[in-house]
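In the working numbering, each residue's number is its place in the first sequence (first place is 1) plus 63. Structure record follows, encoded as structure tokens.
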Amino acid sequence: MTADSLRAAFARPTLDVARSLLGMRLVGDGSNRRIVGRIVEVEAYLGPADRASHARFGETARNRPMYGDPGRAYVYLVYGMYHCLNVVTEPAGTPHAVLIRAVEPLEGVELIRAARLRAERLRRRSIDPAELERVHARLERTPADRLAAGPGLVGAAFGLDRTLNGSDLLDPANPVHLEAAPADEPAFSIATSARVGIAYAGPPWSSEPWRFTIAGHPSVSR
DNA sequence: GCAAGGATATCG
DNA sequence: GATATCCTTGCA
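What follows is the structure, encoded as structure tokens:
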């Protein structure tokens, strides 16, 4: 697939793009070796009319990347401590995006554990050694399946921050990018549900079934 | 059940 | 400039 046709795939209707992101690989190229996660949970945000979308107030300094090219990144900080990754969809000027909510770690599990520990250290005001050791022990006990089972955890696992805003997720040279699933990967079924954490948007937006998961997958958030 | 934590949008 | 709110997580 050429770069242009891949780009065109992300310019398609956001709900279609969201479903097709399931199973794709999120790849981080650290200084050491690759981190690879299989996308198992996403949510679609459908522009200014969608009262749950960051685009609901129109274009601002924060959401500007949503107005850019499809296939690029929109990264935001939520609750003051978690970086969340979105893939921009639809043609430039249409501020739609898909939030990557969870991935299944496939490669670089120990690198992900190290990145999770770094993130925990960063978001604490003090670094009490005893507490740090408790966090470390907890991460060692955490099954690989659960290391990136939530949008903030995806950000921590891949060391994401807002410097990635607007970067091209379809460019293999980008520090974080997307890759297609292997052709021989088994089929899976897709479950739909309401989006998480957006009650403030009110009906009908709070109940639209625009959250998509690989049905029954252990790495889906709870 | 709730605190942590900081940027953001909106209001005065 | 002040403040309410937030596409969350981990521990009490």
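Ideal Cβ placement from N, Cα and C applies to all residues, glycine included.
Distances from the CA of E170 to each of L89, G265, E248 were compared; the closest alpha carbon is that of L89. Residue pairing by DSSP places I253 opposite I277 in a beta bridge.
DSSP places Y130 in the helix class (H, G or I) of the three-state scheme. Y130 is positioned such that its CB atom lies closer than 9 Å to that of P158. The beta strand (DSSP E) runs lying completely inside the segment 125 to 197 and spanning 3 residues or more are 136 to 141, 145 to 152, 159 to 170, given in chain order. L69 and R184 have their C-alpha atoms some 37 Å from each other. Burial check for G91: the Cβ neighbour count within 10 Å reaches 16 or more, so the residue is buried. In the structure shown, A112 adopts coil according to DSSP, grouped into three states. When DSSP states are grouped into helix, strand and coil, V103 belongs to the strand group. Contact between the segment 208 to 219 and the segment 143 to 162 is present: three or more C-beta pairs spanning the two stretches fall below 8 Å. Buried is the label assigned to A107, since at least 16 other Cβ atoms lie within 10 Å of its Cβ. Contact between S252 and R274 fails: their C-beta atoms lie close to 15 Å from each other, not under 8 Å.
Taking a contact to require three or more Cβ pairs closer than 8 Å, the segment 230 to 242 and the segment 132 to 139 qualify as touching.
Taken in chain order, the unbroken stretches of beta strand (DSSP E) that lie wholly in the segment 196 to 272 and span 3 residues or more are 239 to 242, 253 to 256. In the structure shown, V283 adopts coil according to DSSP, grouped into three states.
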